[in-house]
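First residue of the sequence shown: 315, per our numbering; consecutive thereafter.
Backbone N, C-alpha and C fix where the C-beta goes; we use that ideal spot for every residue, glycine too.
Quick notes on the structure that follows.
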Amino acid sequence: MHLAQQWTLETRRFSCHDFFRFSIVFRSFLFCLLPLFSTLVSAHTAKRLSDYYTSVWTTSNGLPHNSINDIAQTTDGYMWFATWEGVVRFNGKDFDLFNRSPKTHMADSASRSLFASNNNRLWVGGARGSVAERLGFEWIGQPSSASLVTGMLVDRHHSLWLSIIGKGVYVRHFIAHGQYQPEQMVIEDTNAYGIVEADNGDIYSATDAGVYLYRDGKVGLLPNQPFKHANSVSSKNNQLFVASDNGAWIWNGVHWINIDPQLAQYDLTLVKQDNDGAFWIGTVNHGLLRKQVGRSLESFPASSFLSHHRILSWFQDQDDNIWVGTANGLANIRHAPFINIDSSNGLIGNYLRTALALDDHQLLVGSATGLSLVSRGKASDAVKPSFQDKLSVLALAKDNQGGVWVGTHAHGVMHWKDNQLSPYMSLAQGLPSEEVRSILPDSLGNLWIGTMRGLAKRSPDGTVTIYTKAQGLPGNFIMALAEDETGKIWVGTGVGGAYIDKGVVHSLDLTPLDEAQYVFDFYVEHGFVWMATDRGIIRYRQQDGTLANIGRANGLPIDKFFQFKRQGDKVWLTSNMGVWLLSYQQVVAIADGKAKHLDYQHFDVTDGMGSTQANGGSNPASAVSGEGFYVATANGLSFISLHALEQSMSVKTLPVVIENVAADGQIFNPDVQHTIAAGTNRMSFSYIGLSFVSASSLEYQTKLVGFEKQWTHRGRDTYTEYTNLPPGHYEFMVRARYPYQEWNNETAVYAFDIEPLLWQRTSVKIGLGLLLILAVYSLMRWRVNQLKRSEENLIHLVEEKTAELREQAERFKKLSNEDALTGLYNRRAFNIQIEKRFKHAKSVHQSIFLAIIDIDHFKAINDTYNHLRGDQVLARVASLLSEYAQSPELVARWGGEEFTVLFKGNEQEAAVFFEQLRGKVARADFSDVCVGLGVTVSIGVASSDDVNHYSSLVILADEALLKAKCDRRNQVIFHQTHLQAVVSEGETVG
């Protein structure tokens, strides 16, 4: 007997000997009730279907086919969808299609089932028994099965289970990574529609014969099934959920529990339980339903995409977003911080301009088409009988008796109370315009009415006072009114702000604050008035009238804000770009100059708002209540509860994945390859943040560790590249953030090494370095030797030049002191010697004698024998004088044919000396100069004893010489002395 038949019979023959086994099951029943009880409790906290935010994709948005047969999410965060044209991967921005190809190893493109297992694995089953596995960036081929794979499961033992249409259920037992035993049939000859593993390891399969259970190697139908065939199965907290031909059921291990009897009337496709404990039921032609325990069965509004399509698949992702696959496209429904109330909830007109909180749970809302009352998410007509025709509401304000003043576009001021609306004031009663933008009942009973042509004050006695530019207002278009604790009335216009104190208008100059003009709203608190303007937020301090601005310089990304509302320690700002949430303490710190940067949280349509455009120019355009914050938008009234606010401020996951890495344009698998070839010039990276809320608005930063020290802001660009990276180790990092938020901690990293070229390798560099060092050393040695040789040559040259210079200097010195013809000292040198010797002689009381010697008749010698012979005579006489004198320095050529001789001694010795000198010249032989030539000299001598200066000595000697020459020549004459030797021609004195 077949294993399935055997186990089925055993379950039908339940008897006493199985009681022990039943008791174990029964005890488990009590345990199963605990998660069910928690499910019941948590279900009450779930939102209404109308409170979910829905996004839809079809083939017009990039899907290859509108039938979404199955949905899965891999651990990296990608969403995967099985379609009849292939499996598609979704990153929140783009769909990537994978179909039959050698790369995917699919036997057919038609995909029917998906299963995401650990380690980022995805299994894909489809037509022709196609089975394919994807791990990271690679597809792994697996043997095909018998027919269309309708369900897949990888159990805790890593074995692969397949439910096959028309064949049954098969298992491929795990051997090793990528290896399985041959396929083994577990259930045969049946249409199997899906398979699931419970937390305890039990495996259930939905078939046209009912639900089968596989446990401990045995398989059989579950007992007492209240249906004939099962369309799908799912499991959570050890409970089994079944969509059948007879409604939706829970199997708790012992009993079948009907989720809702009404479901028996529907043709069901699936039943799933979300993380809040609510059941989601797919139908064939009634769309998606939801059942929360203790509440009635819910369906989406008739206008919703999910109200009528055939539901094929359902999945809750890592961020609790719900994905629904239909036969006509894909839908994503998610919890959003904001709930939007519009005409589908009973609102009269979606284009709202003003909202006024009447109490903690009720609001009066004005739109372009009338007034609505909103209470606990539901809206209704605020006027009965209706007076809504062509009623455009711009302003609301409470009166003191439970009513509300209503400012309109074309009917002036009206009064609402007890669902009745009546006219109150128009042009006929003194309004400057019937377009009323703001209304303020003050503490004195006056009613202030802001219009497009000025401000009207209606006193309790009916008196109307008009304020315009003529009375000092900065402008006539009045948008905002408020009263402070001192009784001042604050007025906001299109060209600035002002306050009225005791009837006097005081205009405020806002232009120094970044040229602010429009004042859209006031928020008054003790000591301060806050203004929402077209240049950020302005605070007025009552104490000294100072103004402070909080704007772009402090981190706000836009200029224009319409409403400023404080709610405890929070501040709400509305704008055309959504709603901004700030810290009140931080805003105050910036206004006080104690801080500069402002943090904030931003909300828009992706957070559930009906429209990003929050209307301004009317008051009040937002409201705070005990439930939360309301804002009037161009598409309904958006509301965020305090509880939803806390949840929205919690950290959200934002996984970032690197989709492609390429080296010089060649894409490769970064999971496998971490070494980049040498010589690679360009590394490029494609990446994406897996956001399924607003992926196109994500911002990115990248950093290449090893090349960059700081993060580089990439804006919304999902591609970057680096060129000419040197060899080394790198880590490419990328992170993302939602607009205006902090950078998410989820960071994708790819580490790689660029190999060096041959000449870039360390060993080659070391070798080249050594060669370079050797070459440098050799060059240095050669250079040093060359420098030494150059130094030696230079020294030799210097020595030569120095000798030459010395010789030249000596020559110059000699030329400066020596007569060139005779070799004797010249007159200049003799003057130096005579001055020195004269001073010395005087200092030691000695006598010196100066003789000036002249060659007699020298002109006649030149004329007779020529000048050359005359020069020879001069040289011979100089030689005779030098030889005879005591030392050469005492003899000099005085000039021409005259010579000088200096003698040291007494007068008698001098007389003998010079007389012998005269005789020596007279007796000298000059025949070698010219035959027959005789030469004599005349000598004049003077003594130092007769003078006090050497120059006087020269004069006296010269006078003595003149006397000798005039007398008879060839004689020695002493100046003024008793000693005089006169030698006749030819005689000598012995």
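Item, Value
"Please report the distance separating the alpha-carbon of Val1112 from that of Arg1103.", "14 Å"
"Comparing alpha-carbon positions, which option in Arg1237, Leu1247, Phe1240, Glu1221 lies nearest His1289?", "Glu1221"
"Would you call Ser936 buried or exposed, if buried means 16 or more other Cβ atoms sit within 10 Å of its Cβ?", "buried"
"Closest to Gly631 by CA distance: which of Ala1062, Gly391, Ser897 is it?", "Note that residue 631 is Asp in the sequence shown here, rather than Gly. Considering only alpha carbons, the answer is Gly391."
"Under 9 Å, do Thr782 and Gly764 count as touching if we go by C-beta distance?", "no"
"Measuring CB to CB, does Ser548 end up less than 9 Å from Asp513?", "no"
"Could you compute how far the alpha carbon of Thr1032 sits from the alpha carbon of Ala976?", "14 Å"
"Taking only three categories from DSSP, how would you classify Phe1288?", "strand"
"Let me know if Val1191 comes out buried or exposed under the rule of 16 or more other beta-carbons within 10 Å of its beta-carbon.", "buried"
"On the criterion of 16 or more Cβ atoms from any shown chain inside 10 Å, does Lys605 qualify as buried, or is it exposed?", "buried"
"Do the stretch 926 to 934 and the stretch 1003 to 1015 touch if we need at least three Cβ pairs shorter than 8 Å?", "no"
"Taking only three categories from DSSP, how would you classify Ala958?", "helix"
"Is it true that the stretch 636 to 651 meets the stretch 684 to 695, where meeting means three or more beta-carbon pairs spaced less than 8 Å apart?", "no"
"Which runs of the alpha helix (DSSP H) at least 4 residues long sit entirely within the stretch 927 to 996? Give them in chain order.", "956 to 962"
"Grab the span of the beta strand (DSSP E) containing Thr397 for me, first residue to last.", "393 to 397"
"To the nearest angstrom, report how far apart Asn1038 and Trp1073 are at their CA atoms.", "16 Å"
"If I measure Cβ to Cβ from Leu1093 and keep anything under 7 Å in the same chain, skipping five residues before and after, which residues do I get?", "none"
"Considering only DSSP beta bridges, list what Val1191 is partnered with.", "For Val1191, which the question treats as bridged, DSSP gives no partner whatsoever."
"In three-state DSSP terms, what is Gly515?", "coil"
"Mind checking which residues open and close the alpha helix (DSSP H) that includes Glu1229?", "1221 to 1237"
"What are the complete alpha helix (DSSP H) segments, minimum 4 residues, inside the stretch 1028 to 1091?", "none"
"Cα-Cα, which of Gln387, His569, Val402, Leu363 is closest to Trp371?", "Val402"
"Taking 9 Å as the cut-off, decide whether the C-beta atoms of Glu748 and His729 are in contact.", "no"
"Identify, in the order they occur along the chain, each residue of the same chain with its Cβ nearer than 6 Å to the Cβ of Ile1287, setting aside the five sequence neighbours on each side.", "Gly1254, Ala1274, Lys1277, Ala1278"
"Could you check where the beta strand (DSSP E) with His820 kicks off and where it finishes?", "818 to 822"
"Thinking C-beta only, is Leu626 closer than 9 Å to Ser613?", "no"
"In its own chain, which residues sit with a C-beta less than 8 Å from the C-beta of Ile501, not counting the 5 before and 5 after it?", "Ala318, Gly482, Val483, Ser519, Thr521, Tyr526, Val533"
"At what residue ranges does the stretch 398 to 443 contain a whole run of the beta strand (DSSP E), taking only runs of 3 or more?", "400 to 404, 409 to 412, 425 to 431, 435 to 440"
"Output needed for Ser1008: all residues of its chain with C-beta closer than 6 Å, excluding positions within five of it in sequence on either side, in chain order.", "Thr920"
"Where does Val1268 fall in DSSP's three states?", "helix"
"Taking one C-beta from the stretch 1234 to 1245 and one from the stretch 1139 to 1147 each time, how about it: are there three or more such pairs within less than 8 Å?", "no"
"Taking the alpha carbon of Ala1155 as the reference point, which residue from Gly465, Gly1209, Phe1217, Tyr1044 has its own alpha carbon closest?", "Phe1217"
"Just to confirm my understanding: we take Tyr580, look at its own chain, exclude 5 residues before and 5 after, and list those with CB closer than 6 Å. What are they?", "Thr597, His600"
"Taking the alpha helix (DSSP H) that Ile1146 belongs to, which residues open and close that run?", "1141 to 1158"
"Output needed for Trp844: all residues of its chain with C-beta closer than 6 Å, excluding positions within five of it in sequence on either side, in chain order.", "Tyr837, Arg853, Phe878"
"For a test of the three-state rule: what should DSSP assign to Ile479, helix, strand or coil?", "coil"
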